[in-house]
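Just below is one structure, and these are the notes that go with it.
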Amino acid sequence: MKLGLLSASAAILLALAAPAAAETIYVTNEKGNSVSVVDGQSLAVTKTIPVGKRPRGVMLSPDGKWLYVCVSDDHAVQVIDVDKQQVVRKLPSGDDPEQFALSPDGNTLYVANEDDNLVTIVDVPKAMVLGTVKVGVEPEGMAISPDGKTVVVTSETTSMVHFIDTATRKIAGNVLVDNRPRAATFTADGKQVWATAEIGSSVSVIDVATHKVIRRITFEIAGVRRDQIQPVGVRTSRDGKLAFVALGPANRVAVIDAQTFEVKTYLLVGQRVWQLAFNAGETRLYTTNGVSNDISVIDVPALKVIKSVTVGQAPWGVAVRP
Amino acid sequence: MPDAAQQWLHTGGTQGNRQRPWLWPRRAVLTVLLAAAWAIGGSRAIAQQADQPATVEIAYLTQVVERAPPLSLLDTIPADEGLLGARLGIDDNNTTGSFTQQKFVLSETVVPQGEDVAAAFRKLAAAGHKVFVADLPRAALLAIADLPEAKGAVIFNVQARDDALRGAECRPNVLHVIPNRAMLTDALAQYLAWKQWRRWYLIAGTNETDKLYAEAIKRSAQKFGIKIVEERSYDGGSTARRTDTGHALIQKQMPVLTQGADYDVLVVADESDLFGEYLPYRSFRPRPVAGTQGMVPTAWHRTHEQWGGTQLQNRFEKLGKRPMTERDYAGWLAVRSVGEAATRTMKTDAASLDGFIRGGDFGVAGFKGQKLSFRAWDGQLRQPILLAAARTLVSVSPQEGFLHQRSELDTLGFDQPESKCRLKR
Numbered sequence: 002m003k004l005g006l007l008s009a010s011a012a013i014l015l016a017l018a019a020p021a022a023a024e025t026i027y028v029t030n031e032k033g034n035s036v037s038v039v040d041g042q043s044l045a046v047t048k049t050i051p052v053g054k055r056p057r058g059v060m061l062s063p064d065g066k067w068l069y070v071c072v073s074d075d076h077a078v079q080v081i082d083v084d085k086q087q088v089v090r091k092l093p094s095g096d097d098p099e100q101f102a103l104s105p106d107g108n109t110l111y112v113a114n115e116d117d118n119l120v121t122i123v124d125v126p127k128a129m130v131l132g133t134v135k136v137g138v139e140p141e142g143m144a145i146s147p148d149g150k151t152v153v154v155t156s157e158t159t160s161m162v163h164f165i166d167t168a169t170r171k172i173a174g175n176v177l178v179d180n181r182p183r184a185a186t187f188t189a190d191g192k193q194v195w196a197t198a199e200i201g202s203s204v205s206v207i208d209v210a211t212h213k214v215i216r217r218i219t220f221e222i223a224g225v226r227r228d229q230i231q232p233v234g235v236r237t238s239r240d241g242k243l244a245f246v247a248l249g250p251a252n253r254v255a256v257i258d259a260q261t262f263e264v265k266t267y268l269l270v271g272q273r274v275w276q277l278a279f280n281a282g283e284t285r286l287y288t289t290n291g292v293s294n295d296i297s298v299i300d301v302p303a304l305k306v307i308k309s310v311t312v313g314q315a316p317w318g319v320a321v322r323p
Numbered sequence: 012m013p014d015a016a017q018q019w020l021h022t023g024g025t026q027g028n029r030q031r032p033w034l035w036p037r038r039a040v041l042t043v044l045l046a047a048a049w050a051i052g053g054s055r056a057i058a059q060q061a062d063q064p065a066t067v068e069i070a071y072l073t074q075v076v077e078r079a080p081p082l083s084l085l086d087t088i089p090a091d092e093g094l095l096g097a098r099l100g101i102d103d104n105n106t107t108g109s110f111t112q113q114k115f116v117l118s119e120t121v122v123p124q125g126e127d128v129a130a131a132f133r134k135l136a137a138a139g140h141k142v143f144v145a146d147l148p149r150a151a152l153l154a155i156a157d158l159p160e161a162k163g164a165v166i167f168n169v170q171a172r173d174d175a176l177r178g179a180e181c182r183p184n185v186l187h188v189i190p191n192r193a194m195l196t197d198a199l200a201q202y203l204a205w206k207q208w209r210r211w212y213l214i215a216g217t218n219e220t221d222k223l224y225a226e227a228i229k230r231s232a233q234k235f236g237i238k239i240v241e242e243r244s245y246d247g248g249s250t251a252r253r254t255d256t257g258h259a260l261i262q263k264q265m266p267v268l269t270q271g272a273d274y275d276v277l278v279v280a281d282e283s284d285l286f287g288e289y290l291p292y293r294s295f296r297p298r299p300v301a302g303t304q305g306m307v308p309t310a311w312h313r314t315h316e317q318w319g320g321t322q323l324q325n326r327f328e329k330l331g332k333r334p335m336t337e338r339d340y341a342g343w344l345a346v347r348s349v350g351e352a353a354t355r356t357m358k359t360d361a362a363s364l365d366g367f368i369r370g371g372d373f374g375v376a377g378f379k380g381q382k383l384s385f386r387a388w389d390g391q392l393r394q395p396i397l398l399a400a401a402r403t404l405v406s407v408s409p410q411e412g413f414l415h416q417r418s419e420l421d422t423l424g425f426d427q428p429e430s431k432c433r434l435k436r
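Chains as they are written, first to last, in my numbering: chain D, 2 to 323; chain X, 12 to 436.
Structural data, given as structure tokens:
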């Protein structure tokens, strides 16, 4: 009770001091076998949670209580109790889970099994595998539509975005994109899927209704070799105005006008920028930089990089709790 | 059926085949296996369409060559080197093919030592084959490429590194997946130039391939402003060195061999693997060793994990229970190139695939961080070259700063202006 009061008053104090960013950022460190916890206010690492081997994909439950981490070399998804800041349970995932998507109700997990060309469907409360779907070679990027009816997965060597109907658990369509698609995201209205192609050096915007690529976006950066522009993580803003694309070894995040598909600017971040995550208000975007072992903090309204924070070894994925 | 495939795997590529001429040409058992696998899985996406999948047949042609045991006890010579890479490529292609209604079939032919490769090729051509993966040395490759039956065929070279095959001896129906020697030595020279290690002491073996490698080294040295301060030739000696006390002789001989003008790097051209492994730690001066031994330029290496390379390594080891070699990688990449062309064009005939592969829109992903494509002027695959030490990857060429107006990859090997190849198609 006393503790509750204390933390409540601490929360009020914090809220007063920093109304803008009282959030917490969770970063998986692929080679550090840990999750770094970064305080959004002080932008300091407050805790490093040890996890299993080769943690990559990371995501929060809709209620913000659980953090799911793909521990690829342990062939499982670990569940971290966010309040306790420790791993409390393990979910089956199939072999070598890399990325995943969570149903809007938080009960079903769709996991890409990179080595087995499968997507494994997991019942979260029961910790049970519900089924698998055969997809292309090296499935990686995953996303789920806002209505939870469609899951997309990118297969890197097959160069396709597969659309899976979550009701039938069958493939509803396959869209060929450029070489090595790495990540995908639905727009907030559910009408488009944006998929990045690392080796093809492009982003394909796919119309969900027709399964057709309606736009292919490419990048040119003065002074950067073309082969270093390798798009990976992608996020679109809720208002449908902006898209952000991590460009890997180009060390930049491209800012795209999501209406005209034109690149507005490039923001210089850390080395080999990999994945991206907005905070709840979309006032900030956090990037993981795998070679410089840090995250960059982007002020979204200003389109400026305001800080970099050193985390663990080879930061891979990022999730933000309000 | 799986038993038969297993059996092939164990007997293939060894002299055991000499006693089993019935084993070749061997229409792949794999064909049936893959067809079965295809029928069971992978067809969900197209379940609503009842059409037969279009088939691409690829003929893998190799010949058994007895090789001397490697110098290092750690090395083994896999009997199915190259072939396993091609099989993995077929698996990958068929996974993609299950979504595009395309099927890929590998037909495997292992010609026993001393027998006629051209005859085997004719037989395959007569059976309708047009797409070939040739895991053959220079002479055999030229012999098949020049056959009247090879007109209109597309032959992927995954073994012969000869610079001449990309120059005066180039052929319009051959695409080279394996890097040629000049590409490898240019990759090495760029890195050593970046290190400012510009004085080389060159030791070359006396076999023909050693001499060719040494020539490539000298060409690269000239190209990148490197000085060869001394050049020695060595036949590798004749002592049985692995026997007890063999090391005593080696540690006395190697300093003598490497004593002369001072240098930054000891560069070795010993493709025959007769003495190169004995240079590190035993040379007259405390200098690093690079070339065919020491730090080696290569298209693939078991230390490579960047750009998703781990995934290919894992996939291969799952299939082959051994690490992927450079020739396996070339075999995989040849088959993947065919698959990529079939996926992009949605065609399966050799002429369409060949046309697309040689065209400007082709690019295949090979776990090297960028698209790989074939040079129009000599049919060589342009690709980054790894520089690998025994236990770690040291670097990847082209190095930063070696610029090119079209592709930095064309700073490795023969660029268009210097090409001696005149393709008549």
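Cβ coordinates follow ideal geometry from the N, Cα and C atoms, glycine included.
Closest option to X/Tyr71, judged by alpha-carbon separation, among X/Gln124, X/Thr111, X/Leu82 and X/Val165: X/Val165.
Below the 9 Å Cβ cutoff, chain D contributes Gly137, Val138, Ser156, Thr158, Thr159, Ser160 and Met161 as neighbours of X/Thr107, in chain order.
With its beta carbon less than 9 Å from one in chain D, X/Val375 belongs to the interface. Residue environment: X/Met265 is assigned as buried (16 or more neighbouring CB atoms within 10 Å of its CB, all protein chains considered). Under the three-state reduction of DSSP output, X/Ala215 falls in the strand class. If you check each beta-carbon in the stretch 207-231 of chain D against every beta-carbon of chain X, the ones closer than 9 Å belong to Arg226, Arg227, Asp228, Gln229 and Gln231.
When CB distances to chain D are screened at a threshold of 7 Å, the residues of the stretch 101-129 of chain X falling below it are Asp103, Thr106, Thr107 and Phe110, in chain order. One finds Glu199, Ile200, Asp228, Gln229, Gln231, Gly249 and Pro250 in chain D with Cβ atoms closer than 9 Å to the Cβ of X/Gly380, taken in chain order.
Beta-bridge partners assigned by DSSP to D/Pro302: none are found.
X/Gly302: member of the beta strand (DSSP E) spanning Val300 to Gly302, first to last residue.
Secondary structure of X/Glu351 (DSSP, three-state): helix. Annotation: the continuous alpha helix (DSSP H) that includes X/His258 extends over Gly257 to Leu268. When C-beta distances to chain D are compared with 9 Å, the residues of the stretch 307-326 of chain X below that value are Trp318, Gly319, Gln322, Leu323, Asn325 and Arg326, in chain order. Taking the Cα positions, D/Val321 is about 5 Å away from D/Ile26.
When C-beta atoms of the stretch 69-85 of chain D are compared with those of the stretch 50-57 of chain D, three or more pairs fall below 8 Å, so the two segments count as touching. Residues of chain X with a Cβ closer than 9 Å to the Cβ of D/Leu68 do not exist; the shortest Cβ-Cβ separation is about 25 Å. Counting only residues of its own chain and dropping the five nearest sequence neighbours on each side, X/Gln262 has a CB closer than 6 Å to the CB of Arg293.
At the C-beta level, D/Val301 and D/Arg285 come within 9 Å of one another. Within chain D, the residues placing a beta-carbon under 9 Å from that of X/Thr354 are Thr159, Ser160, Met161 and Leu177, ordered along the chain. When D/Asp295, D/Pro323 and D/Asn118 are compared, the shortest CA-CA separation from D/Val28 is found for D/Asp295. In chain order, Gly249, Pro250, Asn252, Asn290, Gly291, Val292 and Ser293 place their CB closer than 8 Å to the CB of D/Arg273, counting only its own chain and leaving out the 5 sequence neighbours on each side. Within chain X, the residues placing a beta-carbon under 8 Å from that of D/Glu115 are Gln322, ordered along the chain. The C-beta distance from D/Thr49 to D/Ser35 rounds to 5 Å, short enough to fall under 8 Å. Taking the beta carbon of D/Arg181 as reference, the chain X residues within 7 Å of it are Ala376, listed in sequence order. Chain X places no beta carbon closer than 9 Å to that of D/Ile296, leaving this residue out of the contacts. Just so you know, the alpha carbons of X/Gln391 and X/Leu414 end up roughly 19 Å apart.
With a threshold of 16 other beta carbon atoms within 10 Å, X/His258 falls short and is exposed. For D/Ile172, a Cβ of chain X is located within less than 9 Å of the residue's own Cβ.
Within chain X, no residue has its beta carbon less than 9 Å from that of D/Asn30; the closest one is some 17 Å off.
Taking CB atoms only, X/Glu160 has no neighbour in chain D less than 9 Å away. For X/Gln201, the enclosing alpha helix (DSSP H) starts and ends at Arg192 to Trp205.
The Cβ atoms of D/Val176 and D/Val154 lie no closer than 9 Å to each other. For X/Ser283, no beta strand (DSSP E) run applies, since DSSP gives it neither H nor E.
In the three-state reduction of the DSSP assignment, D/Gln260 falls in the coil class, being assigned neither a helical nor a strand state. DSSP places X/Pro428 in the helix class (H, G or I) of the three-state scheme. Distances from the CA of D/Pro98 to each of D/Lys85, D/Val83, D/Arg90 and D/Asp116 were compared; the closest alpha carbon is that of D/Asp116.
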